[in-house]
Amino acid sequence: MNTKPKPPIFRGTQIRLSILLLLLSVSLLPAFASESWTLAFYLADGEHFYKEQQANVKEICADPDLKNVNIVFLHDRQKTTADKSNLKDMTYVSDCKGFIDIPDLGTETYSTETIKKFFSYVKANYRSDRYFYSITAHGMPPYMSRSGSLNALHIQQALKGIEPDVLGLDMCYLGSLESLLVLNGTADYIVSASTTLPAAGNDFTVFINYFQKHHKVSPKYAARAYLKGYRVSYKDTTQPLTVFITKTGEELNRTAGLFYDSLRKLTVRMHNRLPENPVTLFGINGDLTAVLRQINVNYQDTFIEYFSKGSSLEGTAVYFPARYGILNKTAYGYRLFLRQQGLSQAWLNHLTK
111 MNTKPKPPIF RGTQIRLSIL LLLLSVSLLP AFASESWTLA FYLADGEHFY KEQQANVKEI
171 CADPDLKNVN IVFLHDRQKT TADKSNLKDM TYVSDCKGFI DIPDLGTETY STETIKKFFS
231 YVKANYRSDR YFYSITAHGM PPYMSRSGSL NALHIQQALK GIEPDVLGLD MCYLGSLESL
291 LVLNGTADYI VSASTTLPAA GNDFTVFINY FQKHHKVSPK YAARAYLKGY RVSYKDTTQP
351 LTVFITKTGE ELNRTAGLFY DSLRKLTVRM HNRLPENPVT LFGINGDLTA VLRQINVNYQ
411 DTFIEYFSKG SSLEGTAVYF PARYGILNKT AYGYRLFLRQ QGLSQAWLNH LTK
């Protein structure tokens, strides 16, 4: 039986309806589908930072139902509590739903092996497009080595092969050029401090809230959200504080290379005008940001954002050792920087004038 063709008006309506349904289905796709994140927090030293670390855990899990974001953290049991309970000191791993058993994790949170085991577990079990690692611990400059603290080399060794997109170092004194060159390649963006940090450290609530409000977060903006935690927490601080974001890779190498090359061209009078700022606890840090500006090196694409409050260091630090008798140039070069990174002889000559 022959059927009459539908009038053109009905065929047009059918086509328009199909297009409308297609557009509606596309619009209902989640906006964040292309960028999932894992945020991993390494909260070391329960003996000294127990109160602060418990506050950190509450901040991290304030919104445990973040969409498309995994959250996992490691923290210590307080030693005194363990002793009173006649239990051995332990290291805990958990997400915001409960504790996770990782066999043979170890109890020494200042061990590179423990750091590697934790972040290796994170990479293997929390699959995502992007990774943000945060380490809260005692930090130290590259020219020091002592127990109960981490320097850049410890972190670089621990994260080799499991590098994140962004690394937040909630630690003192990891914001020097020397440390950053050791860490170059460990993450695309690094947030670190060139000064001491208050015991309370970063405000992770600010950081986590950023992921709650933004479905799609780039590594650069994740680093900025981490930096904002310091800006919000310490805008009224009286303690000297300088924290900043570094873009690693070729940008960092370029800036360091221009810094070294420019030093060869400086006159003695210009050398004597380079800024230096005493840091009471560990040694002498120079304000590298001010030096770069003075010798006309463009650093904005490398050190992309700063927060500085009450500090004589505007931004990135570089160490001034020998002039003050703290370390001679041989010890300084051998310990880390010259031996591994090839520090320019011009810089060492400047340090020993």
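Take the position in the sequence shown, starting the count at 1, then add 110; the result is the number in the numbering used here. Note that CB positions come from ideal geometry on N, CA and C, so glycine has one too.
Item, Value
"Touch test, the region 258-269 against the region 283-298, Cβ-Cβ under 8 Å, three pairs minimum", "yes"
"Backbone CA spacing between Phe-413 and Gly-359 [nearest angstrom]", "12 Å"
"Assumed close pair Phe-242, Ala-172 - CB separation to whole angstroms, cut-off 8 Å", "17 Å between Cβ atoms; not a contact."
"Spatially closest choice to Gly-271 from Leu-290, Leu-277, Thr-296, by CA coordinates", "Thr-296"
"Burial state of Arg-334 (16 or more Cβ within 10 Å)", "buried"
"Contacts around Lys-226, its chain only, beta-carbon distance under 6 Å, and the 5 residues preceding and following it disregarded", "Ala-268"
"Cβ pair Ser-244, Gly-216 closer than 8 Å", "no"
"CA-to-CA distance, Ile-318 to Val-327, given in whole angstroms", "12 Å"
"Where Lys-338 falls, given that 16 or more other Cβ within 10 Å makes a residue buried", "buried"
"Alpha-carbon to alpha-carbon, Ser-422 and Asp-275", "30 Å"
"Classification of Lys-357 by the beta-carbon crowding that lies within 10 angstroms, buried from 16 upward", "buried"
"Backbone secondary structure at Val-327 - three-state DSSP", "coil"
"Start and end residues, beta strand (DSSP E) containing Glu-415", "413-419"
"Top-ranked residue by Cα proximity to Ala-427, from Asn-406, Asp-411, Leu-351", "Leu-351"
"Where Gly-208 falls: helix, strand or coil (DSSP)", "strand"
"Run of the alpha helix (DSSP H) containing Val-401, from where it starts to where it stops", "398-404"
"Top-ranked residue by Cα proximity to Ser-213, from Thr-306, Phe-228, Ile-405", "Rather than Ser, the amino acid found at residue 213 in this sequence is Pro. If we check each option's Cα against that of Pro-213, Phe-228 comes out closest."
"Boundaries of the beta strand (DSSP E) in which Ser-465 is found, first to last residue", "Here the chain covers residues 111 to 463 and nothing more, so residue 465 does not appear."
"Ala-172, DSSP secondary structure in three states", "coil"
"Given Gln-410 as reference, the closest of Gly-367, Ile-355, Ser-238, Lys-419 once Cα atoms are compared", "Ile-355"
"Ile-181 versus Tyr-152 - alpha carbon distance", "11 Å"
"Integer-rounded CB distance, given that Thr-224 should sit under 8 Å from Thr-201", "7 Å"
"Buried versus exposed call for Asp-371 [16 or more other C-beta atoms within 10 Å across all chains shown]", "exposed"
"Ile-355, DSSP secondary structure in three states", "strand"
"Alpha-carbon to alpha-carbon, Thr-305 and Lys-233", "30 Å"
"Candidates Tyr-160, Val-167, Glu-145: closest to Asp-313 by CA position", "Val-167"
"Beta-carbon proximity of Tyr-299 to Phe-417, cut-off 8 Å", "no"
"Residue of Thr-222, Lys-419, Leu-184 minimising C-alpha distance to Asp-211", "Leu-184"
"Minimum C-alpha distance to Asn-408 - residue among Lys-345, Asn-363, Pro-329, Gly-420", "Asn-363"
"DSSP-derived helix/strand/coil call for Gln-349", "coil"
"Beta-carbon gap between Ala-400 and Glu-415 smaller than 8 Å", "no"
"4-residue-minimum alpha helix (DSSP H) runs that sit fully inside the region 292-345, ordered along the chain", "314-323, 329-343"
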